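Take a look at the structure set out below.
In our numbering, the protein residues as written are 676 to 808.
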């Protein structure tokens, strides 16, 4: 699990000067985590957590740049949706960085309102997707 946190920090926090530890939160202990590997190296991560009985939130999705556009993110997303579905999930929600909107839209996520500016500069948008359960 520590390697997953390290990748989260490297890809999602370090480029914006955020300290180690900012890649973790209080839900890590109860959330369901997934990692993609290549030759024993973690190349992608993601997490899903219940918000209520049927709504599940995806967070901390990231893929090493050299492995993007090769199906790694798609496999992670599918795995997160599957585990949510297995636990009764019917609706997926997430807050996507502006640059990732097209990725999520390609998998059926609907763009909603702008939700936040992370670190004062990274625009995020609320996204949702109904899943069959």
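Glycine is no exception: its CB is placed at the ideal position from the N, C-alpha and C atoms. If you're wondering where the values come from, they're calculated on a predicted model, not measured in any experiment.
Uninterrupted beta strand (DSSP E) stretches at least 3 residues long and entirely within the segment 681-728 occur at 707-713, 716-725, given in chain order. By the Cβ-count criterion, residue 698 is buried, with 16 or more other Cβ atoms from all chains shown falling within 10 Å of its own Cβ.
Distance between residue 708 and residue 726, taken at the CA atoms: about 15 Å. In the structure shown, the three-state DSSP call for residue 742 is helix. Shown here for residue 775: same chain residues with a beta carbon closer than 8 Å to its own, the five before and five after excluded, namely 736 in chain order. Within 10 angstroms of the beta-carbon of residue 676 lie fewer than 16 other beta-carbons, which makes it exposed.
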